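Okay, structure first, notes after.
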Amino acid sequence: MIIGRERLNQRINDMAPNVERYAAQAKMAAGTELAEAIRQLAPRGATLEYAESIDADLLASRPAQEQVGTSKTKDPSAVGIFAEFIWRFLEFGTAPHNTAKGGGTVAGKKQAAAGGGNMHPGTAAQPHVFTTYRAMKPRIKRKIMAAVSRGVREAMKK
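Position one of the sequence shown corresponds to residue 1 (full-length UniProt numbering), numbered consecutively onward.
Below you can see the structure in the form of structure tokens.
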């Protein structure tokens, strides 16, 4: 029999009431640890503004902020990593483009050839978000599973 997420969570909470609380704490701790690791590897400019903007928070706490790399979740304790919008330009790099309006388009390149705007050489990728996440993913999973096991063990002792 297939049951929905809400029903499954309800059944787990009925059997082991502390599982969700422990899992939420573990998710937040893992998210904070991941944000700190990403912050350490982030490219540093003159102001350190970008690196300092990297933070972990509940997805539910930031509904207006664009979520990249995730789909909508029904998990109220889901944690995400948030940073300034330039993270994707740093993570993946940029192609050469004209700085005039519409410079990344064919029309913009024609403008550049005609003498309008300046050509930006582009930037090399400086991966720091997804590489760090992939490296830490097994540890994050272990931490969350340990919290779930702790809640189940407590429920079994009662």
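Just so it is clear, CB atoms sit at the ideal spot from N, CA and C, and this is done for glycine as well.
Values in this document were obtained by computation on a predicted structure and should not be read as measured data.
With residue i as the anchor, note down where its beta strand (DSSP E) starts and where it stops.
i, result
"L41", "Careful: L41 lies outside any beta strand (DSSP E), inside the alpha helix (DSSP H) at 19-41."
"A56", "55-58"
"I81", "79-82"
Can you tell me which of the options puts its alpha carbon nearest to the alpha carbon of residue i?
i, options, result
"A24", "Y50, P76, R7", "P76"
"P43", "K137, I54, M156", "I54"
"N118", "A78, P96, E52", "P96"
"R139", "A30, P127, A64, R150", "A30"
"V129", "G93, P121, K157, Q10", "G93"
"N9", "A124, K74, P63, G122", "K74"
"residue 173", "I3, N18, R11", "The structure shown does not extend to residue 173, since the chain is modelled only from 1 through 158, so no value can be given for it."
"Y133", "M28, G4, I38, I3", "I38"
"A83", "A46, N98, R62", "R62"
"P127", "M136, L41, G4", "L41"
"M28", "K141, T99, H120, A100", "K141"
If you follow the alpha helix (DSSP H) that residue i is part of, which residue opens it and which one closes it?
i, result
"F92", "87-92"
"D14", "5-15"
"G151", "130-157"
Using beta-carbon positions only, say whether residue i and residue j come within less than 8 angstroms of one another.
i, j, result
"E20", "N13", "yes"
"A35", "I86", "no"
"A60", "G151", "no"
"E91", "A125", "yes"
"T123", "F89", "yes"
"T32", "A56", "yes"
Contact defined as beta carbons within less than 8 angstroms: I believe residue i pairs with residue j. What is the distance between those atoms, to the nearest angstrom?
i, j, result
"L58", "A78", "7 angstroms"
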